[in-house]
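Chemist: Below you will find the structure I want to go over with you.
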Amino acid sequence: MRSALVLFVAFTGIAITYGQQLRKIKVFISVDMEGVAGVVSADQLGPGSFEYERFRNFMTQEALAAVEGARQAGATEFVIADAHGNEENLLIEQFPADVRIVRGEPRHGGMMGGIDGSFDAAMFVGYHASTHNAQGVRAHTFSSARLTRVALNGKPVTEGAWNAAIAGQFGVPVIFISGDDVAIAEVRAAIGDVEAAETKRALGFHSAETKTPEAARSLIREKAAAAVRGLAGRKPYIVAAPVMVDVSFKSVTPAEVVSYLGRVFTRTDSHSVRFGAKDMMEASDIVDFLMAYRLDLEP
């Protein structure tokens, strides 16, 4: 009887270990650029700028560091969304063959394009502070050229909180963020004390005390691994639906013409409109329309 019991315990232990090895952990990673180590101005952020090619490589390497750290901790599947500018920044040839990349615009979900309920966790790499924040390097919300404020259910939001709410709609928790100290503080204030890698300390809109790319990658790798190890204790950030969204433009004209769509939008002041949406994905689609539609896009 004792021998049989020992064999049963041993077999059960092997089965549990085998089951743990078979468990897949699928991670969605949204990658922006303003929060990447060393980024302080437009010189690094767009095609044609004199440092852009170097910094799209640094952006790629920070995303890779998040993959490497998460994989070390047991993550098995990755989808990465290029979420900056024209969303064609990441050097896709540098990623492992089992990583899939979401790129190009427009797309449903915006910076979270590709997210769904099949993911176990989401991570944010290279994120920045919001447009209503007086601090933060290159702080903005969705568009530094067009918007001055975005609020969700009456509360101003950063891109990080907005995107966490999109992930939350699908039951996916955000477990990690990298970026400057101000961006990290904003996201933590909204969704909780997630793992974070501070790539730089903001000194102004166009200045920072920054880590080197190598040091930033090392920290991202370490914190991403810790985030996956602590996944069991994380909960999704869920915003009750339906949602109300306020958008403030830098110019009067967009607010005026958008208000003509009276069944959808209400003009709340000279520069602002409000709309309701059934959930975060619908809200994201409407905001993306406000950001993307221009007459010069017509053939």
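The opening position of the sequence shown corresponds to residue 272 in my numbering, with each subsequent residue numbered one higher. Quick reminder that beta carbons are idealized off the backbone N, C-alpha and C, glycines included.
1. Is I451 helix, strand or coil by DSSP?
2. Kindly indicate which three-state DSSP category G380 falls into: helix, strand or coil?
3. On the CB-based measure, 16 or more other CB atoms within 10 Å of its CB, does K506 come out buried or exposed?
4. Helix or strand or just coil, what does DSSP make of R420?
5. Report buried or exposed for I287, applying the criterion of at least 16 other Cβ atoms within 10 angstroms of its Cβ.
6. Could you check if L276 is buried or exposed, using at least 16 other CB atoms within 10 Å of its CB as the buried criterion?
7. What is the rounded straight-line gap between the Cα of D540 and the Cα of V516?
8. If I'm right that D303 touches H379 with Cβ under 8 Å, what's the distance once you round it to whole angstroms?
9. Could you give the uninterrupted runs of the beta strand (DSSP E) lying entirely in the stretch 472-506, keeping only those of 3 residues or more?
10. In this structure, what does DSSP give as the bridge partners for G547?
11. Between P381 and D353, what straight-line distance do the alpha-carbon atoms span, to the nearest angstrom?
12. Do you know offhand how far D391's Cα is from F447's?
13. Per the contact definition of three or more C-beta pairs closer than 8 Å, is the stretch 497-511 in contact with the stretch 523-535?
14. Could you give the residue range of the alpha helix (DSSP H) that holds R538?
15. Take T419 as the anchor and find which of H403, H399, N328 has the nearest alpha-carbon.
16. What three-state label does DSSP hand D470 in the structure shown?
17. Hey, could you find the ends of the alpha helix (DSSP H) E324 is sitting in?
18. Would you kindly check if the distance between the Cβ of H399 and the Cβ of G450 is under 8 Å?
19. Could you have a look at A286 and say whether DSSP puts it in helix, strand or coil?
20. With 16 as the cutoff for other CB atoms within 10 Å, does F326 come out buried or exposed?
21. Nearest-angstrom Cα distance between G407 and P513?
22. With a cut-off of 8 Å, do at least 3 Cβ pairs link the stretch 320-337 to the stretch 360-378?
Modeler: If we stick to the structure as given:
1. First, the amino acid is wrong: residue 451 is Asp here, not Ile. Of the three classes helix, strand and coil, the one that applies to D451 here is strand, per DSSP.
2. coil
3. exposed
4. strand
5. Confidence is the limiting factor: at I287 the pLDDT is only 39, short of 50, which leaves the residue's position unreliable, though a coordinate-based value still follows. The residue in question, I287, is exposed, as its Cβ has fewer than 16 Cβ neighbours within 10 Å.
6. At L276, the pLDDT of 47 sits below 50, so the modelled position is not reliable and the matter cannot be decided from this model.
7. 14 Å
8. Actually they are not in contact, since the Cβ atoms of D303 and H379 sit about 18 Å apart, beyond 8 Å.
9. 478-481
10. M515
11. For the record, residue 381 in the displayed sequence is Gly; it is not Pro. Each residue's alpha carbon lies about 10 Å from the other.
12. 13 Å
13. no
14. Counting along the chain, R538 falls outside any alpha helix (DSSP H), though it belongs to the beta strand (DSSP E) covering 536-540.
15. H403
16. Sequence inspection shows Thr at residue 470; the Asp mentioned does not correspond to that position. Residue state, collapsed to three classes: strand.
17. 323-343
18. yes
19. Any reading at A286 must be qualified, since the residue scores a pLDDT of 45, below 50, and its modelled position is unreliable; no value is offered.
20. buried
21. 31 Å
22. yes
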